[in-house]
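Structure first, commentary second.
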Ligand code: SF4
């Protein structure tokens with residue numbers, strides 16, 4: 050043990066692992082996160098993938114990053130700026146340096162700082178040799194050389210294969226720095242490479258060598274100690290937004306006693322939902338990979354007509370293609386869920402980056418008067434709840450529901466107290482029963498008085514044969530009708546049944562004083578940053594409250610009253626001001642907008658400075 | 009379907025007034041469908057009609073079954089979702105040449121290719137009817153319409169060949185005016201498991217009334233239609249006096265008699281892919297129009313495959329259990345200890361998150377550049393057969409050094425001390441930058457003041473990659489090699505490396 054290395058007690062710290070997309074950085078970050086979670090820290094993570102899966106090695110375009118914030122208390126975001134950066138090559142250093150906190154620690158693999166790599170990263174000079182890193186604490190480790198040395202006795206692996214485990218060497222160093230146990234990762238290695246003993250040996254040795262390198266050399270002056278967090282007692286797992294969404298959808302199907310039909314077309318960043326669902330055939334999950342986005346939408350309309358819990362997942366560009374089908378689904382008044390994992394737009398935009406710029410598309414992106422229910426999860430784990438709630442809304446009002454997740458929520462993770470499935474209320478569905486010839490004729494658009502839902506009669510039920518379509522219809526019978534009054538009534542009923550869901554959904558809660566100087570209204574994936582910023586401002590004595598919306602259509606029934614209790618209202622969002630626009634239109638009140646268009650989440654500091662700016 | 013069902017045509021007639029133009033071929037097809045359905049052995053409530061947009065797509069409204077009048081071209085997608093949600097249903101798609109082959113062409117191909125259990129009826133009238141008479145994807149080249157007053161420039165699509173390309177397991181053709189034939193064809197389609205694709209020649213009396221002349225008139229049609237029967241020779245004509253023979257790869261019409269017998273004719277085989285393509289290529293009036301079942305083969309349907317997977321998964325894993333699903337990850341349990349905090353320990357299994365990056369990397373085929381990298385990493389510097397160094401003593405004069413370089417025609421001298429250990433290196437670059445024009449008297453100047461002291465030196469057992477790395481990092485062209493005692497034993501140049509690679513990959 051290196052006696053001179055001191056421990057520094059911290060409440061939380063943000064670490065970023067960055068390297069080439071082939072360097073295994075996502076894995077390294079995940080292992081570090083799992084270990085920290087098991088250790089008992091609260092965690093929040095954010096991966097940062099390159100847009101090109103096979104970008105040339107060593108280039109800025111190929112940098113893959115994984116940021117983890119771990120803490121001894123409740124945290125809501127992956128952290129504004131990393132305090133520790135592990136950079137596997139010059140490009141990784143360059144891409145991450147601007148985010149690093151000043152005075153932060155950088156661990157670099159000096160072996161990768163070759164002339165070629167420096168050139169690929171657009172470095173004219175080697176940053177390790179000039180002034181560029183002044184002000185940071187730089188730890189230079191010839192990682193490749195050391196790792197090769199550690200693995201030199203494994204003869205069955207080529208040098209290239211050995212080099213692939215150098216991320217574990219780096220992980221070992223970081224484990225040592227933060228006093229993490231290695232067991233979780235070692236056990237993972239055992240299972241993961243059960244069929245390749247040489248890889249078990251390589252990764253185990255690399256991890257241990259990294260750890261002991263930290264322990265024995267005098268390169269490090271500081272170790273950090275972050276004690277376990279005071280999470281409420283319970284059993285936890287780590288969950289990403291897409292994983293939680295998939296589990297929520299399966300749960301909803303289970304709770305309504307129906308097969309889950311998931312018809313979709315591969316698209317970033319939504320595909321992981323498909324990947325999570327496809328192996329769940331034993332839950333009667335029927336995934337269908339359609340030929341295109343349009344077909345995926347068509348297939349869920351058919352499946353909903355057939356009586357399944359029908360869901361599709363996509364991203365903004367896919368929603369654009371699906372909007373025709375969504376219009377039909379709205380006219381047919383069939384229950385289904387459309388998940389939009391938003392990414393930067395317009396057009397192909399920024400496939401791997403996050404944005405909240407599809408809100409108005411969700412609300413209005415179809416021809417005609419075509420209202421749709423819109424819900425948005427507020428954190429990765431909340432995707433689970435929102436999926437179940439979306440199913441409830443769809444069934445209650447027999448209508449399509451759109452979920453607006455986003456790339457940040459989809460790929461970020463947090464600890465999730467594993468729920469007891471028995472505590473989740475069943476979703477009750479009543480299909481009309483079979484009829485005989487002498488019974489009254491079946492009326493497919495005879496509405497429920499309370500909810501205005503129409504009967505969901507499924508093929509295979511005798512006596513309920515009926516035809517529905519995209520043409521305008523008469524009330525009750527659903528027969529084609531061009532009668533002006535019919536069209537007006539049906540248009541009204543479709544809007545009204547969505548409006549009535551507000552009675553069913555919970556009231557909006559406010560965090561902070563119920564009246565005061567400033568109200569921040571946010572929605573979707575910005576919850577963590579906005580809430581953390583508001584807490585900070587409140588601690589500084591500011592009269593600021595936070596209302597985070599999970600229901601965007603219909604809006605919470607008490608929202609108007611809430612808004613009128615504050616002198617100023619501002620909406621921070623990752624778009625050009627779409628929710629602010631909606632709220633102004635809806636309430637006619639003076640609502641300010643705080644847009645951010647970097648295709649990256651808000652930083653807490655951006656929220657707090659905005660508050661300071663407004664309240665002077 | 010074991011329950012006896014006694015239904016008749018009327019059970020399938022809805023209360024909606026039919027609104028096609030008087031004389032439209034759609035009436036005949038509707039009647040034929042309503043006539044056939046009572047006999048297909050499926051309860052009425054299990055039958056669903058799904059259409060897109062177009063004249064033909066009004067069809068579901070007139071059928072007293074379940075039905076959806078959907079959006080343009082998309083009917084196969086809804087039908088697919090419906091069939092997957094409930095594989096027990098008999099799902100019928102009604103589409104036209106515009107709906108199914110133009111805007112919905114892609115969906116049609118993929119529904120066919122997947123062998124979804126659907127009956128697709130494509131009403132082919134070779135014109136856009138609902139939008140009032142533009143040419144369609146099946147209109148013949150040169151067809152004059154409102155949108156092609158000088159004649160269509162486009163090559164028409166062949167629906168049967170398209171279905172073949174997607175490997176439909178059942179393909180048939182019939183015509184609206186031939187009730188008996190149409191009934192039989194629809195019945196055959198309904199009995200096939202998997203995709204049944206039926207092209208129905210349909211007369212649009214308003215915008216394309218002459219399209220099927222020769223085929224839709226009962227007085228002449230038998231002369232011009234080749235009625236296909238599995239296992240039977242291809243004979244046609246009112247007097248059954250003509251047949252189809254194969255000349256090489258080409259079909260040809262032949263007159264029977266004069267030495268040509270039935271034995272010379274093609275025999276229809278519903279399972280032959282090649283024959284189906286030949287039949288698809290036979291266009292009236294050059295050939296008689298082939299009608300009936302063109303192709304019929306058995307293959308697993310999509311939904312059977314899916315249900316098998318569900319069954320297998322349940323046998324292996326049991327019925328899905330939510331708790332197990334939630335817990336399929338690293339779990340840890342937090343228990344309240346005392347005021348001071350909490351204890352946390354791992355309590356669950358370890359998840360096997362797939363490390364795509366790592367696995368992909370391992371699976372990747374080694375590329376040429378990688379092979380080169382491997383060589384650079386695996387071959388040692390010794391493999392470059394390093395030249396012996398030309399050494400010079402650290403106390404020697406610059407004049408002597410330059411003379412040495414000239415004599416040996418080399419660009420680099422290795423400088424040693426009294427114990428023969430490496431202390432410096434002196435290169436052409438040093439001559440250029442530090443000596444020329446700067447030093448007046450070469451004889452008195454000592455090399456020690458002009459060399460690069462303590463140069464980076466390597467051992468011959470290191471990988472070539474490391475030598476290259478050093479050269480790159482510092483811009484060296486030469487690197488001296490030393491033994492364990494730091495005595496120079498060789499020198500390598502960038503050129504040696506290039507030469508070595510050239511040899512290896514020549
Ligand atoms: S336009 Fe042609 S296809 Fe359409 S209904 Fe009239 S006759 Fe039939």
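Residue numbers (my numbering), protein chains in the order written: chain A, 50 to 665; chain B, 9 to 514.
All C-beta atoms, glycine included, are put in the ideal place defined by N, C-alpha and C.
- The beta carbon of residue 335 of chain B falls within 8 Å of a beta carbon belonging to chain A, placing the residue at that interface.
- Unbroken alpha helix (DSSP H) stretches of 4 residues or longer found wholly inside the region 38-111 of chain B: 83-93, given in chain order.
- With respect to chain A, the C-beta atom of residue 322 of chain B has a partner C-beta closer than 8 Å.
- In this structure, residue 253 of chain B and residue 274 of chain B form a Cβ contact; the two beta carbons are roughly 7 Å apart against a cut-off of 8 Å.
- Residues of chain A whose Cβ lies closer than 9 Å to the Cβ of residue 78 of chain B are, in chain order, 347, 350, 351, 374, 377, 381, 518 and 519.
- Residue 486 of chain B and residue 173 of chain A have their C-alpha atoms roughly 23 Å apart.
- Among the residues of chain B, those whose CB is under 8 Å from the CB of residue 335 of chain A are 92, 93, 314 and 318, following chain order.
- Residues of the same chain with a CB within less than 6 Å of the CB of residue 369 of chain A, apart from the 5 flanking positions on each side, do not exist.
- Checking the DSSP bridge columns, you'll see residue 449 of chain A partnered with A:385.
- Put simply, the CB of residue 467 of chain A is near chain B, with a gap under 8 Å to one of its CB atoms.
- For the region 357-374 of chain A, the set of positions with a beta-carbon nearer than 8 Å to some beta-carbon of chain B reads 357, 359, 373 and 374 in chain order.
- Taking each of A:436, A:72, A:151 and A:625 in turn and checking the Cα distance to residue 113 of chain A, the smallest one comes out for A:72.
- In the displayed model, residue 65 of chain A falls within a strand according to three-state DSSP.
- Scanning A:520, A:620, A:651 and A:444 for the CA closest to the CA of residue 663 of chain A turns up A:620.
- The nearest non-hydrogen atom of ligand 1 is less than 7 Å from the C-beta of residue 34 of chain B.
- For residue 349 of chain A, the CB contacts under 6 Å within the same chain, skipping 5 residues up- and downstream, are 312, 359, 361 and 385 in chain order.
- Here the alpha carbon of residue 449 of chain A sits roughly 9 Å from the alpha carbon of residue 442 of chain A.
- When the beta-carbon positions are compared, residue 536 of chain A and residue 521 of chain A come within less than 8 Å of each other.
- DSSP places residue 443 of chain B in the helix class (H, G or I) of the three-state scheme.
- Taking a contact as a CB-CB distance under 8 Å, the pair residue 455 of chain A and residue 574 of chain A counts as one, their CB atoms being some 5 Å apart.
- Listed along chain B are 82, 85 and 115, each with a C-beta nearer than 8 Å to that of residue 343 of chain A.
- Membership of residue 510 of chain A in any beta strand (DSSP E) is not indicated, and neither H nor E is assigned to it by DSSP.
- Within chain A, the residues whose beta carbon sits less than 9 Å from that of residue 24 of chain B are 516, 528 and 529, listed in sequence order.
- For a Cβ distance threshold of 9 Å, residue set 334, 335, 336, 337, 338, 339, 340, 356 and 359 of chain B lies close to residue 286 of chain A, ordered along the chain.
- Interface annotation, residue 436 of chain A: not in contact with chain B, CB-CB separation never under 8 Å.
- Against chain B, a Cβ distance below 7 Å from residue 329 of chain A picks out 328.
- For residue 297 of chain B, the pairing in a beta bridge is given by DSSP as B:233.
- At least 8 Å separates the CB of residue 194 of chain B from every CB of chain A.
- Secondary structure note for residue 586 of chain A: its alpha helix (DSSP H) is the uninterrupted segment 576-588.
- Residue 446 of chain B counts as exposed, since fewer than 16 other C-beta atoms from the protein chains shown sit within 10 angstroms of its C-beta.
- Cβ neighbours of residue 626 of chain A within its own chain (closer than 6 Å, five residues either side excluded): 642 and 644.
- For residue 116 of chain A, there is no enclosing alpha helix (DSSP H); the enclosing beta strand (DSSP E) covers residues 112-120.
- Comparing alpha carbon positions, the residue from A:550, A:586, A:579 and A:551 closest to residue 566 of chain A is A:586.
- Residue contact check for residue 88 of chain B against chain A: a CB pair falls below 8 Å.
- Counting only residues of its own chain and dropping the five nearest sequence neighbours on each side, residue 355 of chain A has a CB closer than 7 Å to the CB of 507 and 508.
- When beta bridges are read from the DSSP output, residue 180 of chain B appears opposite B:206 and B:301.
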